[in-house]
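Undergrad: Numbering (the numbering used here), first residue to last: 3 to 155. Quick reminder that beta carbons are idealized off the backbone N, C-alpha and C, glycines included.
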């Protein structure tokens, strides 16, 4: 997990952009809607290759955030990008997104965070490979106290 400065958000986001025929592209408008004017933006990345790779990768990212005390109950916006082979079953992405939604509900969030996802297809990847990149925006000043406590930097 990495805490991003405002100018790093676009740089990291641009690394994700591909233009395959089956892509669901995220764009700068999505970034502005979800991450603009946030006090803190954190990014988590995980790659997995298994039958449940998108679910496993998303679960790993959520666990990493929680281990660093950046809980999803403080989140105002989530931007997620999946990189995968176009033959990967899209229902698996729904299962991965359920990790986020169930975590938000289990933390008794009154208002669900704005959540937007995109898909970048690359048929050079293995059929069961998924790379999940998640940007999470926090507006609550209380979240900022955790910046210096991050593990694994």
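At 4 residues or longer, and completely inside the region 8–89: list those alpha helix (DSSP H) runs for me, N to C.
TA: Runs found: 8–18, 30–37 and 55–69.
Undergrad: Just verifying my parser: in three-state terms, what is the DSSP assignment at residue 151?
TA: At residue 151, the pLDDT of 42 sits below 50, so the modelled position is not reliable; the number obtained from the coordinates is stated separately. Looking at residue 151 - three-state DSSP - the assignment turns out to be helix.
Undergrad: Give the single residue among 119, 20, 4 and 120 whose Cα lies nearest to the Cα of residue 45.
TA: When only C-alpha atoms are compared, the closest one is 4.
Undergrad: With contact counted as at least three CB pairs below 8 Å, one residue from each stretch, are the region 85–95 and the region 114–131 in contact?
TA: The region 85–95 is in contact with the region 114–131.
Undergrad: Three or more beta-carbon pairs under 8 Å between the region 10–25 and the region 56–68, yes or no?
TA: No: fewer than three Cβ pairs fall under 8 Å.
Undergrad: Closer than 8 Å by C-beta to residue 6: which residues in its own chain qualify, once you throw out the five before and the five after it? Chain order, please.
TA: Hits under 8 Å: 14, 43, 44, 45 and 137.
Undergrad: When DSSP labels each residue in this structure, what does residue 99 get in the three-state scheme?
TA: In this structure, residue 99 counts as helix in the three-state DSSP scheme.
Undergrad: Under the assumption that residue 62 contacts residue 130 (Cβ atoms under 8 Å), give the Cβ distance between them as a whole number of angstroms.
TA: Incorrect: roughly 16 Å between the Cβ atoms, too far for contact.
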